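Heads up, the thing below is written out as C-alpha cells.
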Ligand code: BGC
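Structure representation (C-alpha cells):
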C-alpha cells in the first residue's frame, strides 16, 4: 500500500513538473456557431496535447472585441506560440503587436491576419484552388464548352472581413468569367461583383434572406435558376433553405465547401451538388508540426512564400490541398477516413 501511495505521489509530481514546464500554445478560434471551427479547435487541442504542449483554446463568439481580449489574455498568461483563426482579418493589430513585443510567434490559422508585420506564418488550404474546383465543377456539370445555354446563375460569396472569401470568389470567377462574358451564363439579378454577393460573417440566415429576395424578384416569373455558385457550406445552406421555401423550378447545381454535416446530408439527398473537403485534421497536424519546429528553432515547413501579402508583409505559408467531394465519393472521403460516422450523416 505504502509503495502504491509513493508511486502515485511520484506520478502526480511528474505530471505537475511536466505541466509547469510544458510550453503553452494559445489557440484562438472565431466561433462555435459554424461546425468546422469546433472540429478545428478540438483537433488542434488533442494533437497539441498529445505532442506535450499545454493548450489555451478560446472561442470568440464571432465578436471581434472578445477575440482581441482573449488573445491579449493568452499573451499575458504566458503563451509561447499563438495560433489564430481571425474573425476579421485586420482587427487584431494591437494584440499582434503585443505578441511581437513579447517575442511570441504567431501562426495565422486558415484565415490570414491582415495589416500586421507580426504574423510569423500562415497555414491554410489553397484558397484560390477551392474556388477553381467549384468553378470547374460548374463548367463541367453544365458542359459549358458544348451546351448552347444560356443558363441562369446566381452567386453567393463569403465574408468581406475574411481574406479567404476573395480568393474563393476569384478562383471560381476566373473559371466562369469567359462564359459569363459570352452570355452563356446569365446572372439575372445582375449581382456579380464580390461586394454585391458577399455574406457578412458567412451567416446562413443572411445568405438565405438574400437568396429569397433574388428568387422573388427575378425568378417568380417561372424561370429556372440553373446554377448557384456558393463559396461555402454555411452560405449554401441558406440558399438551399430559400429554394425549399420559394422555388418550384428545376433544382440548380449548387456548390459548397467544408463538407459540413447538414450539407453532406443535402448532397446525399441531391440538394447540394458538391462540396470542397478541407480535412481539418490535415490542417491541425500541419500547424502542430509548425509549432514544434518554431519552438525547437528548426526550419519551419512552408510551401508558398509569394501569395499571401497581408498588406504589410508577405507571410510564409503552408497550403494544404483541398479535395473535391460529392455524393459519389463522400463515403470514402468522410466515413472510411473516420471524419464522420455513418450515423452522423443519417
Ligand atoms: C474558411 C471556410 C469556412 C468559412 C466560414 C473560411 O475562412 O476557410 O472553410 O467555410 O471561413 O467559416
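Numbering (my numbering), first residue to last: 27 to 372. Quick reminder that beta carbons are idealized off the backbone N, C-alpha and C, glycines included. Computed from a prediction, not measured in an experiment: that's the story for all the values here.
Supposed contact pair residue j and residue i - C-beta distance, whole angstroms, cut 8 angstroms
{"i": "residue 139", "j": "residue 122", "result": "6 angstroms"}
{"i": "residue 253", "j": "residue 279", "result": "5 angstroms"}
{"i": "residue 156", "j": "residue 146", "result": "About 24 angstroms separates the two Cβ atoms, so there is no contact after all."}
{"i": "residue 106", "j": "residue 58", "result": "With a Cβ gap of about 25 angstroms, residue 106 and residue 58 do not count as contacting."}
{"i": "residue 86", "j": "residue 96", "result": "6 angstroms"}
{"i": "residue 100", "j": "residue 82", "result": "5 angstroms"}
{"i": "residue 161", "j": "residue 212", "result": "That belief does not hold up - the Cβ atoms of residue 161 and residue 212 are roughly 16 angstroms apart, past 8 angstroms."}
{"i": "residue 114", "j": "residue 175", "result": "Actually they are not in contact, since the Cβ atoms of residue 114 and residue 175 sit about 39 angstroms apart, beyond 8 angstroms."}
{"i": "residue 314", "j": "residue 77", "result": "6 angstroms"}
Length of the line joining the Cα atoms of residue i and residue j
{"i": "residue 43", "j": "residue 80", "result": "Any reading at residue 43 needs caution, since the residue's pLDDT is 49, under 50, leaving its predicted position unreliable; the model's value is listed next. So the alpha carbons of these two residues sit roughly 12 angstroms apart."}
{"i": "residue 217", "j": "residue 181", "result": "8 angstroms"}
{"i": "residue 353", "j": "residue 198", "result": "21 angstroms"}
{"i": "residue 371", "j": "residue 290", "result": "7 angstroms"}
{"i": "residue 73", "j": "residue 250", "result": "47 angstroms"}
{"i": "residue 164", "j": "residue 222", "result": "21 angstroms"}
{"i": "residue 220", "j": "residue 263", "result": "19 angstroms"}
{"i": "residue 173", "j": "residue 307", "result": "39 angstroms"}
{"i": "residue 284", "j": "residue 301", "result": "6 angstroms"}
{"i": "residue 109", "j": "residue 130", "result": "10 angstroms"}
{"i": "residue 312", "j": "residue 322", "result": "15 angstroms"}
{"i": "residue 185", "j": "residue 234", "result": "14 angstroms"}
{"i": "residue 9", "j": "residue 342", "result": "With the chain running from 27 to 372 in the structure shown, residue 9 is simply not present."}
{"i": "residue 293", "j": "residue 367", "result": "16 angstroms"}
{"i": "residue 153", "j": "residue 63", "result": "17 angstroms"}
{"i": "residue 193", "j": "residue 168", "result": "23 angstroms"}
{"i": "residue 143", "j": "residue 68", "result": "29 angstroms"}
{"i": "residue 333", "j": "residue 91", "result": "29 angstroms"}
{"i": "residue 204", "j": "residue 196", "result": "13 angstroms"}
{"i": "residue 364", "j": "residue 209", "result": "44 angstroms"}
{"i": "residue 65", "j": "residue 287", "result": "12 angstroms"}
{"i": "residue 355", "j": "residue 170", "result": "23 angstroms"}
{"i": "residue 178", "j": "residue 166", "result": "15 angstroms"}
{"i": "residue 361", "j": "residue 128", "result": "43 angstroms"}
{"i": "residue 243", "j": "residue 225", "result": "19 angstroms"}
{"i": "residue 215", "j": "residue 102", "result": "50 angstroms"}
Range of the contiguous alpha helix (DSSP H) that encloses residue i
{"i": "residue 231", "result": "230-244"}
{"i": "residue 75", "result": "61-76"}
{"i": "residue 200", "result": "189-207"}
{"i": "residue 311", "result": "306-321"}
{"i": "residue 147", "result": "Segment 147-151 is the beta strand (DSSP E) holding residue 147; no alpha helix (DSSP H) there."}
{"i": "residue 117", "result": "Premise fails: residue 117 is in no alpha helix (DSSP H) and is neither H nor E."}
{"i": "residue 94", "result": "90-102"}
{"i": "residue 223", "result": "220-223"}
{"i": "residue 288", "result": "287-294"}
Span of the beta strand (DSSP E), counted from its first residue to its last, around residue i
{"i": "residue 345", "result": "343-346"}
{"i": "residue 135", "result": "132-135"}
{"i": "residue 271", "result": "Per DSSP, residue 271 belongs to no beta strand (DSSP E); it is in the alpha helix (DSSP H), 259-272."}
{"i": "residue 300", "result": "300-303"}
{"i": "residue 53", "result": "50-55"}
{"i": "residue 106", "result": "First-last for residue 106: undefined, no H or E at that position."}
{"i": "residue 85", "result": "80-85"}
Cβ neighbours of residue i in the same chain (closer than 6 angstroms, five flanking residues each side left out)
{"i": "residue 350", "result": "159"}
{"i": "residue 70", "result": "53 and 310"}
{"i": "residue 236", "result": "none"}
{"i": "residue 303", "result": "285, 349, 351 and 359"}
{"i": "residue 337", "result": "140 and 141"}
{"i": "residue 151", "result": "304, 346 and 348"}
{"i": "residue 238", "result": "268 and 272"}
Residues near residue i by beta carbon distance below 8 angstroms, same chain, minus five either side
{"i": "residue 275", "result": "245, 248, 249, 250 and 251"}
{"i": "residue 19", "result": "Any property of residue 19 remains undetermined from this structure, which presents the chain solely from 27 to 372."}
{"i": "residue 94", "result": "117, 118, 120 and 121"}
{"i": "residue 241", "result": "251, 268, 269, 272 and 273"}
{"i": "residue 344", "result": "147, 148, 149, 150, 312, 316, 327, 328, 329 and 330"}
{"i": "residue 319", "result": "325, 326 and 327"}
{"i": "residue 75", "result": "81"}
Close-in-space but distant-in-sequence residues of the same chain around residue i (CB under 7 angstroms, 5 per side omitted)
{"i": "residue 227", "result": "88 and 185"}
{"i": "residue 256", "result": "182, 262, 265, 280, 281 and 282"}
{"i": "residue 189", "result": "115, 137, 138 and 140"}
{"i": "residue 48", "result": "78, 79 and 80"}
Contact with chain C by residue i, beta-carbon distance below 8 angstroms
{"i": "residue 233", "result": "Here there is only one protein chain, and chain C is not present."}
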